[in-house]
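Worksheet: one structure, shown below.
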Amino acid sequence: MAPYRPPSDQSREIGIVESEFASVRISINDDGNGPRLRLEDLRGDKVRYLDALELETLVWLRDEHLSALLDPSADRWRE
Amino acid sequence: MTATVSGKASKYDQLIEPTRVHGSLYTDDEIFREELEKIWYRTWVFVGHESEVPEPNDYVRTAIGPQDLVLSRDREGVLHVLVNRCAHRGNLVCDDQRGNSSSFRCPYHGWTYKNNGDLLGYPFNRGYGGKGNIEGELGLGVLPRVDSYQGFVFASFASEGPSLVEHLGAAARELDRLAGLSPEGKAELTAGWLKHQTGANWKLLVENETDGYHPQFVHGAIFGVTGSPIGALYSDKSTAVTRDLGGGHSENDLRPEFRKFGEPMRWFGTTEERVFEYASRMREAYGDEDAERVMIEGAPHVMIFPNLFIAEIQVFAIQPLSAHECVQRSTAVQLRGAGDINKRLVSQCMGSVGPAGMLLADDTEMYERNQYGVGMRKPEWLDIRRGVDRERVDENGFKIGTATDETGMRGFWGHYKSLMEAE
Chain F
175 MAPYRPPSDQ SREIGIVESE FASVRISIND DGNGPRLRLE DLRGDKVRYL
225 DALELETLVW LRDEHLSALL DPSADRWRE
Chain Y
133 MTATVSGKAS KYDQLIEPTR VHGSLYTDDE IFREELEKIW YRTWVFVGHE
183 SEVPEPNDYV RTAIGPQDLV LSRDREGVLH VLVNRCAHRG NLVCDDQRGN
233 SSSFRCPYHG WTYKNNGDLL GYPFNRGYGG KGNIEGELGL GVLPRVDSYQ
283 GFVFASFASE GPSLVEHLGA AARELDRLAG LSPEGKAELT AGWLKHQTGA
333 NWKLLVENET DGYHPQFVHG AIFGVTGSPI GALYSDKSTA VTRDLGGGHS
383 ENDLRPEFRK FGEPMRWFGT TEERVFEYAS RMREAYGDED AERVMIEGAP
433 HVMIFPNLFI AEIQVFAIQP LSAHECVQRS TAVQLRGAGD INKRLVSQCM
483 GSVGPAGMLL ADDTEMYERN QYGVGMRKPE WLDIRRGVDR ERVDENGFKI
533 GTATDETGMR GFWGHYKSLM EAE
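Chains as they are written, first to last, in my numbering: chain F, 175 to 253; chain Y, 133 to 555.
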């Protein structure tokens with residue numbers, strides 16, 4: 175597992191969601207003009223911010239849609 | 133009313149003379165509609181500051197005249213100015229004054245737009261023949277030109293015209309001066325805006341911003357209470373000048389007076405010792421000689437046509453709503469990396485133009501009294517001749533007058549006339 179790195183200055187950490195396959199730190203970030211969810215891939219060293227509308231979209235995403243996103247060639251390992 | 137040019141005199145030839153302007157310019161609804169088209173929807177207008185949308189997907193509400201706009205920064209960091217109107221049925225798509233979102237969703241029928249204005253999608257899309265049928269056709273209105281200078285963001289409804297740098301002309305160096313007061317070379321507008329609605333024509337405000345004739349009278353009380361030396365800057369004895377910068381821009385250049393005293397931070401009504409952290413950072417950043425010069429000369433006092441006024445420690449944005457009404461938004465200048473002075477900038481700004489601020493209340497009373505007066509039938513004209521016979525041209529070719537002369541107003545009206553006469 176990657177060593178602990180604190181989230182950015184204006185983030186309120188919620189916790190780490192982890193399994194044998196992935197490890198993601200979740201916090202709410204207040205650097206911008208409104209709060210965003212900050213997701214940090216602790217194994218892949220990549221950060222993604224999601225605003226409220228994007229999060230709501232995820233909540234409503236159909237399971238088959240989500241499954242399609244989990245295809246390793248969908249975005250992350252395309253080439 | 134007298135036409136000054138024989139033969140083919142334009143409407144504005146009849147209303148604007150070199151040393152007087154007709155009262156109807158402040159009251160006529162038809163002239164206001166023409167101003168919107170020929171000035172507010174054609175030239176560059178200040179809409180906000182890059183520091184107001186620092187992060188990807190940040191947005192703030194703004195306006196040009198009665199147009200409700202959103203200044204957004206997309207995921208890639210590019211700035212956009214969007215018209216806050218759904219392409220479907222015209223509803224407002226954005227309610228909050230500021231926020232962070234990659235997209236905007238209209239509350240009426242759920243149409244959703246990217247923060248660059250592109251239509252993302254619409255519910256129950258079979259009614260439009262399915263997904264992808266109208267996305268390219270319908271989007272939010274997007275202002276075709278957005279540009280910034282020293283972080284100050286300007287936008288134009290016109291796709292063609294002079295560049296922002298050409299529009300700013302000599303006023304650009306005043307924005308440079310403001311930025312130069314920061315140890316990191318950046319002024320920011322992060323203190324939040326106050327809105328003041330005023331029952332007056334927008335041009336009365338523009339004219340007042342570099343009118344050095346009124347402070348001793350209108351602001352006499354605050355100068356007296358605070359013991360401020362500012363009043364003396366605007367007198368017959370002052371070495372300060374009023375400068376017509378061209379393009380409708382004007383300034384009160386107070387530097388000659390501050391150079392005379394040679395005291396760092398006198399322009400801010402304080403001493404270097406009382407803002408020690410700021411002064412130290414300035415000396416560290418620029419070296420003793422340059423830092424001292426900057427701290428002696430102080431901040432600009434400049435009116436940038438048509439709506440951006442920088443009054444040393446505060447910034448105003450003028451938003452006309454009708455011939456008889458406008459909104460002044462105001463905020464404190466913040467200097468990046470400046471340390472202790474930023475809090476003082478906010479508190480001084482609150483004291484002068486906050487809800488209980490004295491300067492803005494003084495001026496607003498005058499604007500509204502003026503507006504009341506220009507609605508009367510006689511005399512028909514307003515006089516702007518003060519100092520015309522002692523006006524001279526400085527070493528850079530700009531017209532200058534003494535601290536109390538109406539040189540800036542005459543410059544404003546000359547430019548206004550050229551824009552209003554254009555087809």
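Cβ coordinates follow ideal geometry from the N, Cα and C atoms, glycine included.
Within 10 angstroms of the Cβ of residue i, are there 16 or more other Cβ atoms? Answer buried if so, exposed if not.
{"i": "R542/Y", "result": "buried"}
{"i": "D219/F", "result": "exposed"}
{"i": "L321/Y", "result": "buried"}
{"i": "Q199/Y", "result": "buried"}
{"i": "N528/Y", "result": "exposed"}
{"i": "E383/Y", "result": "buried"}
{"i": "G505/Y", "result": "exposed"}
{"i": "H381/Y", "result": "buried"}
{"i": "T374/Y", "result": "buried"}
{"i": "M414/Y", "result": "buried"}
{"i": "E306/Y", "result": "buried"}
{"i": "V177/Y", "result": "buried"}
{"i": "A141/Y", "result": "exposed"}
{"i": "A242/F", "result": "exposed"}
{"i": "G197/Y", "result": "buried"}
Residue j and residue i - do their beta-carbons sit closer together than 8 Å?
{"i": "P438/Y", "j": "I171/Y", "result": "yes"}
{"i": "L227/F", "j": "S197/F", "result": "no"}
{"i": "K327/Y", "j": "R461/Y", "result": "yes"}
{"i": "E538/Y", "j": "D343/Y", "result": "yes"}
{"i": "A302/Y", "j": "L377/Y", "result": "yes"}
{"i": "A323/Y", "j": "Q282/Y", "result": "no"}
{"i": "I428/Y", "j": "R468/Y", "result": "no"}
{"i": "L214/Y", "j": "V274/Y", "result": "yes"}
For chain F, is any of its Cβ atoms less than 8 Å away from the one on residue i?
{"i": "S235/Y", "result": "yes"}
{"i": "P255/Y", "result": "no"}
{"i": "D190/Y", "result": "yes"}
{"i": "F232/Y", "result": "One point to set straight first is that residue 232/Y is Asn, not Phe, in the sequence displayed. Output row for N232/Y: interface = yes."}
{"i": "D537/Y", "result": "no"}
Of all the CB atoms in chain Y, is at least one closer than 8 Å to the CB of residue i?
{"i": "D249/F", "result": "no"}
{"i": "L235/F", "result": "no"}
{"i": "A226/F", "result": "yes"}
Examine chain A for any beta-carbon lying closer than 8 Å to the beta-carbon of residue i, and answer yes or no.
{"i": "V185/Y", "result": "Given the protein chain composition of this structure (F and Y), no chain A is represented."}
Which residues in the same chain have their Cβ closer than 6 Å to the Cβ of residue i, if we skip the five residues on either side of it in sequence?
{"i": "E500/Y", "result": "G331 and A332"}
{"i": "G268/Y", "result": "none"}
{"i": "P255/Y", "result": "G242"}
{"i": "E404/Y", "result": "P396, M397 and A411"}
{"i": "G151/F", "result": "There is no way to answer for residue 151/F, as the model of chain F reaches only from 175 to 253."}
{"i": "F441/Y", "result": "E341, M435 and F448"}
For residue i, which residues from the same chain have a beta carbon less than 8 Å from its beta carbon, with the 5 sequence-adjacent residues on both sides left out?
{"i": "L211/Y", "result": "E182, V185, L203, S204, R205, V278, S280 and V285"}
{"i": "A176/F", "result": "In this prediction, A176/F scores a pLDDT of 41, lower than 50, which makes its location untrustworthy; the coordinate-derived value is nonetheless stated afterwards. These residues qualify, in order along the chain: S197, L216, R217 and D219."}
If I measure Cβ to Cβ from residue i and keep anything under 7 Å in the same chain, skipping five residues before and after, which residues do I get?
{"i": "N232/Y", "result": "E187, N189 and D190"}
{"i": "C218/Y", "result": "V225, C238, Y240 and W243"}
{"i": "F164/Y", "result": "S454 and A455"}
Task: the segment 211 to 230 of chain Y: positions lying closer than 8 Å to chain F by Cβ - done: Across the segment 211 to 230 of chain Y, CB contacts with chain F closer than 8 Å involve D228 and R230, in sequence order along the chain.
- [ ] Anything in the segment 203 to 218 of chain F with a Cβ closer than 8 Å to a Cβ of chain Y? List those residues in chain order, please.
- [x] D205, G206, N207, G208, P209 and R210
Task: Residues within the segment 311 to 328 of chain Y neighbouring chain F, beta-carbon criterion of under 9 Å - done: none
Task: Residues of the segment 463 to 475 of chain Y with Cβ closer than 9 Å to any Cβ of chain F, in chain order - done: Cβ contacts with chain F: none found.
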